[in-house]
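All remarks here apply to the structure that follows.
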Amino acid sequence: MKITGVKTYLLQHQLKRRFGVSVSVPLDQFRKTLLVKVETDAGLTGWGETAPVGGARGTIDDQIGPRLIGQNPLEQRKLWRMMWGPNFGNALAVAALDMAINDIRGQALNLSVAELFGGRLRDRVPAYASAMNYVENEQPEEQYPREAEQLVKQGFKALKMRIGRYPVVREAAVAAAVREAVGLDIKLMADGNAAYTLSSALQMGEVLHDLNFEYFEEPLPQSPHYAGYEELRRKLPLPLAAGEGVDSRGSAKELIDRQCMHIIQPDVSLCGGIGETLFISEMAALSGIRCIPHCWGGAILIAATVQTLSLMPDPHWGFPTDTPMLELDQSENPWRTEIVKEPFQLKDGFVDVPTRPGLGIEVDEAIVKRYAI
């Protein structure tokens, strides 16, 4: 079997209402993602997804893609070296291609991606709603509690909210309103999206701790090199999550060695793919750091992340606790449901791990082409 084609699709959707995170100025008007399709002479097709930034599309189209033509997709180690070699460090491009190639490998061998990597440890993964973004013409004091109540009614048992756009005193009131709306049985997390200074992050951390939040995600900027995270981790009264920006096992190792977080969050679509994410999770476990992957994209990325999560062990040997969760974006996102024939469904707070070969999804190419620009 040989690879015969590598195609990229940049998808764009105009949002009905602008929304964004703390540092989104102005609020976002469009939603975008980058898909890659890898074709073979055996009639098998694999799909991958990544963020359309950092030259990922050009790297695939002009550098890595042409080198893959004529190669055997089953030769995983050879292709891994080829993709990392000439790409000048573009982990986003490698990640999308890694998903697509593993999708093909699974189909060729009649195995799910999880089975390719040794077999899943669980048949379903717990999911949390990644929601409560800042929306135009909405006040978070009213919007967030209302949205949280709706998500709980849909079956979510864990929710993540965006904070950091306003002063700590206002965000504290918003967080308290959300906790009051959902009660203590629902897990809550907060994402600062790099909006805080060290002192304000510590202030907000005290508030979140008092409200029984699970963790505080990336309150400080990622650049340069997650500066200040070591001190924040030492002083913060609740777990600190970070690392969605790591672009390889090497950059993840640096953060782990520095003890920059309690929870590392590699993104399958940003750090180099499925195998790289698993490597990072195992490396983190050696230092007692949990791994909860970041996932902000469409159904293809969700599929790759679900397969990856099914392979990650629980932090404790004797009994399941703190099982790694799936981040399930609940903002306006047509690619979460429209580009696959069978969208992922939440069932009692969990998402089933597909058992069909490859990523376990069927992409609707007509929908892909409708959104392509």
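Going by our numbering, the first residue of the sequence shown is number 3, and it counts up by one from there.
Positions of the beta carbon are idealized from the N, C-alpha and C atoms, including for glycine.
The model shown is predicted, which means the values in this text are computed figures rather than measured ones.
Rounded C-alpha distance that separates Y373 from G7: When only Cα atoms are considered, Y373 and G7 end up about 21 Å apart.
Backbone CA spacing between N195 and Q156 [nearest angstrom]: Our two residues, N195 and Q156, have alpha carbons roughly 26 Å apart in a direct line.
Q141 versus P221: straight-line alpha-carbon distance, rounded: It is roughly 21 Å from the alpha-carbon of Q141 to the alpha-carbon of P221.
Three-state class that DSSP yields for V270 in the structure shown: Of the three classes helix, strand and coil, the one that applies to V270 here is coil, per DSSP.
Three-state secondary structure assigned by DSSP to V154: Secondary structure of V154 (DSSP, three-state): helix.
Span of the beta strand (DSSP E) around K343: Counting along the chain, K343 falls outside any beta strand (DSSP E), and DSSP gives it neither H nor E.
Residue from V154, L210, D316 and D100 with nearest C-alpha to V184: Of the candidates V154, L210, D316 and D100, the one whose C-alpha sits nearest the C-alpha of V184 is V154.
Strand pairing of K237, partner residues [DSSP]: Secondary-structure assignment with DSSP links K237 through no beta bridge to anything.
Contact under 8 Å by Cβ, I304 with F346: Contact flag set, yes.
Reduced DSSP category for M191 - H, G, I as helix; E, B as strand; rest coil: The answer is strand: DSSP assigns M191 an E or B state.
The stretch 31-38 touching the stretch 81-88, judged by at least three CB pairs closer than 8 Å: Between the stretch 31-38 and the stretch 81-88 there are fewer than three inter-stretch CB-CB distances shorter than 8 Å, so the stretches are not counted as touching.
Residues that I5 bridges to, as DSSP identifies them: For I5, the beta-bridge partners assigned by DSSP are T42.
Sub-8 Å separation of I258 and I266 beta-carbons: Yes. Within cutoff.
Supposed close pair L81, L94 - CB separation, criterion 8 Å: Actually they do not touch by this definition, with Cβ atoms about 17 Å apart.
Alpha-carbon to alpha-carbon, A110 and N74: Roughly 11 Å between the two C-alpha positions.
Three-state class that DSSP yields for P336 in the structure shown: Helix.
Sheet register partners of C293 (DSSP bridge): According to DSSP, C293 bridges with I266.
Integer-rounded CB distance, given that V308 should sit under 8 Å from D377: No information on residue 377 is available, as it lies outside the stretch 3 to 375 that the chain covers here.
Cβ neighbours of D366 in the same chain (closer than 8 Å, five flanking residues each side left out): The answer, listed in chain order, is E340, I341, V342 and K343.
Buried/exposed call for S333, threshold 16 Cβ in 10 Å: Label assigned to S333: buried.
DSSP-derived helix/strand/coil call for V176: Here DSSP, grouped into helix, strand and coil, assigns V176 to helix.
Member of L12, A197, R19 and L238 whose CA lies at the smallest distance from the CA of S225: Of the listed residues, the one whose Cα sits closest to S225 is A197.
N- and C-terminal bounds of the alpha helix (DSSP H) containing R83: Run containing R83: Q78 to W86, per the alpha helix (DSSP H) assignment.
I165 versus I5: straight-line alpha-carbon distance, rounded: For the pair I165 and I5, the Cα-to-Cα distance works out to about 45 Å.
Residue from A129, R167 and P223 with nearest C-alpha to I188: I188 has its Cα closest to that of A129, out of A129, R167 and P223.
Inter-stretch contact (C-beta, 8 Å, three-pair minimum) for the stretch 95-104 and the stretch 269-288: Under the 8 Å Cβ criterion, the stretch 95-104 counts as touching the stretch 269-288, having at least three qualifying pairs.
Rounded separation between M163 and D316 - CA only: The C-alpha of D316 is placed about 25 Å away from the C-alpha of M163.
Reference E440, options A175, L348, S132 and G360, closest by Cα: Because the chain spans 3 through 375 in this model, residue 440 falls outside it and cannot be assessed.
Residue(s) in a DSSP beta bridge with A244: Paired residue(s): I266.
Cβ-based neighbour list, A44, same chain, cut-off 6 Å, excluding 5 preceding and 5 following: M3.
Those residues which DSSP pairs with S132 across a bridge: Note: S132 sits in a beta bridge opposite K162 and D331.
Option in V38, K18 and K39 with minimal Cα separation from D30: Just measuring C-alpha positions, the residue of V38, K18 and K39 sitting nearest D30 is K18.
Within 8 Å, strictly: CB atoms of Y228 and A243: For Y228 and A243, no; Cβs fall outside 8 Å.
Beta-bridge pairing of Q16 - partner residues as DSSP gives them: Q16 is bridged to F32.
Span of the beta strand (DSSP E), counted from its first residue to its last, around F352: Secondary structure note for F352: its beta strand (DSSP E) is the uninterrupted segment F352 to D354.
Pairwise C-alpha distance: K255 and L288: If you take the alpha carbons of L288 and K255, they lie about 11 Å apart.
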